[in-house]
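The next block holds one structure in the form of structure tokens; read it before the comments.
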Amino acid sequence: MKTQLRALSIPNPNLFNNPADQSSVKGALKGCLGSLDGGCIEKLLLHCASALESNDVTFAQQVMWVLNNVASSLGDPNQRLTSWFLRALICRTARVSPTLTAMNFHATNDVLRQCHMTTSQCRSMSVTELADYVDLIPWHRFGFCASNGAICKATRGHSKLHILDLSITHGMQWPTLIDALAKRPEGPPSLRITVPSARPPVPPLLNASTEQVCSRLANFAKSRDVPFEFHVMNIMNCSSPFMSFHLEFLLSLLNQPSLLDIRDDEALVINCQNWLRYLPDEPLIEEDDIGVRDRFLEMIRSLNPRIVVVVDEDAELDSPSLASRITSCVNYLWIPFDAFETFLAKDSAQRVEYEADVGHKIENIIGYEGMQRIERLETGAKTTHRMKKARFASFPFCDETMREVKCSLDEHASGWGMKREDEMLVLTWKGHNSVFATAWVPATC
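Note that the working numbering has the sequence shown beginning at 3, numbered continuously upward.
Put into structure tokens, the structure is as follows:
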């Protein structure tokens with residue numbers, strides 16, 4: 003939790019009547035009593051994680067009492083972020099000892115009451131609301147702009163394009179690309195987009211069907227005179243929202259490559275926007291020595307695509323250690339909470355909703371283990387290494403794309419910036435990495 007976030011006073015420092023309780027918690031609070039800055043809150047979260055990992059639920063609850071007196075869903079960024087970590091920790095504790103948690107922890111900010119809300123109960127947006135969501139901060143637009151620039155460059159001179167779209171933003175990336183293709187001096191190419199019938203069960207959720215999204219894109223392409231097709235790839239029995247999505251998706255592609263309908267006369271584009279994180283590192287079967295994520299990259303490499311673009315958040319959130327995940331999560335996910343503070347009021351309903359989307363990510367990272375923990379981010383540097391191991395070579399972003407990305411960032415708050423970092427183009431907030439974009443082509447040797 004960064005120094006930009008202010009220190010907080012403990013509203014009720016006399017939280018415990020039991021002297022033994024006071025002693026144990028005061029030990030955890032050593033150097034922090036009277037005021038809690040970001041570093042002290044992180045320390046408390048780590049004490050709680052350590053207690054949970056050692057099954058010391060009682061001490062974990064004591065630390066959560068302190069955090070509960072700090073957390074506020076309508077406070078400053080520090081307090082708001084803490085409230086979501088608290089919710090995640092309570093949910094985790096409830097799974098370890100549900101009776102003890104229900105009897106002994108009554109969170110004053112309704113955290114416990116809400117902690118069993120699933121992603122399926124999250125809000126669904128209209129198409130207009132989704133557009134506003136994407137435009138609010140450059141979290142998604144950055145990746146759209148960088149990817150579309152690389153796609154245009156890599157497919158220049160090709161009259162037919164086929165995009166396998168693996169993303170979570172319901173086609174919001176493509177109107178800008180369609181518009182760019184329509185302006186080609188030699189005339190627009192034909193464009194075919196293939197999407198899977200299911201997506202990871204994460205925000206943003208849309209209250210429109212895939213067919214309605216297709217219709218909107220088709221109408222837009224028609225208005226730009228771009229020949230357009232849209233294909234939905236049916237994934238085999240995707241019944242479980244957490245455990246089976248990524249496995250069934252991969253199995254569908256491995257067992258039925260015809261689902262992709264690859265055509266020799268088309269330039270194939272693989273678009274991975276916030277997607278690889280949902281493929282686990284573990285092998286598909288015990289006898290396999292290759293993880294699901296690497297197996298997927300092998301599969302798309304075998305398709306010999308013209309270009310592969312990979313965009314994701316630049317953080318390491320896939321450690322098997324709960325304490326390590328908390329540290330990484332705290333030191334990364336303060337960014338959206340801090341960014342929202344710059345232009346949305348504390349009681350803004352829009353802000354609360356957007357922060358809830360980040361909060362559900364925190365809950366999954368901290369509150370779950372095994373295949374139920376689907377948020378498995380890794381850094382851009384690790385993704386770069388993984389792509390090279392899969393025999394891909396970097397496809398550099400051109401100066402024109404850099405200018406377009408910078409122009410799009412100029413429309414947002416001054417804290418946003420970008421930089422080149424090895425093979426990556428990186429979106430930053432106050433100098434801290436937030437999102438990376440990379441582009442790849444099959445290596446020739």
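All residues carry an ideal CB built from backbone N, CA and C; glycine is no exception.
All of these numbers come straight from a predicted model, not from anything done at the bench.
For residue i, three-class secondary structure by DSSP
{"i": "residue 168", "result": "strand"}
{"i": "residue 454", "result": "Outside the displayed span of the chain (3 to 447) sits residue 454, for which this structure offers no information."}
{"i": "residue 21", "result": "Below a pLDDT of 50, predicted positions are generally treated as unreliable, and residue 21, at 42, falls in that range; no measurement from the model is reported."}
{"i": "residue 434", "result": "strand"}
{"i": "residue 429", "result": "strand"}
{"i": "residue 306", "result": "coil"}
{"i": "residue 126", "result": "strand"}
{"i": "residue 419", "result": "strand"}
{"i": "residue 442", "result": "strand"}
{"i": "residue 447", "result": "coil"}
{"i": "residue 315", "result": "strand"}
{"i": "residue 163", "result": "strand"}
{"i": "residue 49", "result": "helix"}
{"i": "residue 139", "result": "coil"}
{"i": "residue 134", "result": "helix"}
{"i": "residue 325", "result": "helix"}
{"i": "residue 2", "result": "Because residue 2 is not part of the residues shown, which for the chain are 3 to 447, the question remains open."}
{"i": "residue 344", "result": "coil"}
{"i": "residue 90", "result": "helix"}
{"i": "residue 337", "result": "helix"}
{"i": "residue 57", "result": "coil"}
{"i": "residue 174", "result": "coil"}
{"i": "residue 152", "result": "helix"}
{"i": "residue 96", "result": "helix"}
{"i": "residue 145", "result": "helix"}
{"i": "residue 74", "result": "coil"}
{"i": "residue 157", "result": "coil"}
{"i": "residue 264", "result": "coil"}
Residue i versus residue j: straight-line alpha-carbon distance, rounded
{"i": "residue 255", "j": "residue 219", "result": "25 angstroms"}
{"i": "residue 95", "j": "residue 145", "result": "36 angstroms"}
{"i": "residue 438", "j": "residue 311", "result": "11 angstroms"}
{"i": "residue 165", "j": "residue 309", "result": "10 angstroms"}
{"i": "residue 212", "j": "residue 50", "result": "42 angstroms"}
{"i": "residue 169", "j": "residue 196", "result": "11 angstroms"}
{"i": "residue 76", "j": "residue 294", "result": "40 angstroms"}
{"i": "residue 278", "j": "residue 388", "result": "11 angstroms"}
{"i": "residue 210", "j": "residue 273", "result": "22 angstroms"}
{"i": "residue 313", "j": "residue 141", "result": "10 angstroms"}
{"i": "residue 342", "j": "residue 264", "result": "42 angstroms"}
{"i": "residue 447", "j": "residue 306", "result": "13 angstroms"}
{"i": "residue 163", "j": "residue 361", "result": "37 angstroms"}
{"i": "residue 425", "j": "residue 67", "result": "45 angstroms"}
{"i": "residue 131", "j": "residue 171", "result": "12 angstroms"}
{"i": "residue 413", "j": "residue 222", "result": "24 angstroms"}
{"i": "residue 289", "j": "residue 296", "result": "15 angstroms"}
{"i": "residue 445", "j": "residue 394", "result": "5 angstroms"}
{"i": "residue 423", "j": "residue 381", "result": "12 angstroms"}
{"i": "residue 383", "j": "residue 330", "result": "15 angstroms"}
{"i": "residue 378", "j": "residue 193", "result": "32 angstroms"}
{"i": "residue 363", "j": "residue 375", "result": "10 angstroms"}
{"i": "residue 206", "j": "residue 139", "result": "14 angstroms"}
{"i": "residue 83", "j": "residue 229", "result": "46 angstroms"}
Neighbourhood of residue i by C-beta, 6 angstroms cutoff - its chain only, sequence neighbours within 5 removed
{"i": "residue 419", "result": "430"}
{"i": "residue 324", "result": "51, 55"}
{"i": "residue 452", "result": "With the chain represented from 3 up to 447, any question about residue 452 goes unanswered, as that position is not in the structure."}
{"i": "residue 334", "result": "317"}
{"i": "residue 275", "result": "145, 169, 313"}
Cβ of residue i within 8 angstroms of any chain D Cβ
{"i": "residue 267", "result": "Here chain D cannot be found, since the structure has a single protein chain."}
Nonlocal neighbours in the same chain, by C-beta distance under 7 angstroms from residue i, ignoring five residues either side
{"i": "residue 369", "result": "90, 93, 94"}
{"i": "residue 110", "result": "Caution is warranted here: a pLDDT of 44 is assigned to residue 110, below 50, making its placement in the model unreliable, and no coordinate value can be reported."}
{"i": "residue 232", "result": "195, 216, 219, 220"}
{"i": "residue 267", "result": "162"}
{"i": "residue 227", "result": "184, 190"}
{"i": "residue 421", "result": "428, 430"}
{"i": "residue 303", "result": "392, 393, 394, 444"}
Close beta carbons around residue i, own chain, < 8 angstroms, minus the five adjacent residues each side
{"i": "residue 365", "result": "86, 89, 90, 93, 117"}
{"i": "residue 143", "result": "136, 137, 410"}
{"i": "residue 300", "result": "292, 392"}
{"i": "residue 133", "result": "174"}
Distance cut-off 7 angstroms: residue i Cβ against heavy atoms of the ligand FAD
{"i": "residue 420", "result": "By its list of ligands, the structure shown contains no ligand whatsoever, and the ligand FAD lies outside what it can speak to."}
Suppose only complete runs of 4+ residues qualify. What are the alpha helix (DSSP H) ranges in the segment 179-248, listed by chain order? 212-225
Flag this pair as touching only if the segment 202-216 and the segment 143-163 have three or more C-beta atom pairs under 8 angstroms; answer yes or no. no
Inspect the CB distances between the segment 394-410 and the segment 336-355 and report whether three or more fall short of 8 angstroms. no
Which ranges would you report for the alpha helix (DSSP H) in the segment 348-406 if only whole runs of at least 4 residues count? 351-369, 382-391
State whether the segment 178-191 contacts the segment 131-151, with contact taken as three or more CB pairs (one from each stretch) at a distance under 8 angstroms. yes
With a cut-off of 8 angstroms, do at least 3 Cβ pairs link the segment 313-324 to the segment 273-284? yes
Taking the runs of the beta strand (DSSP E) that are 3 residues or longer, which of them lie wholly in the segment 268-299? 269-275
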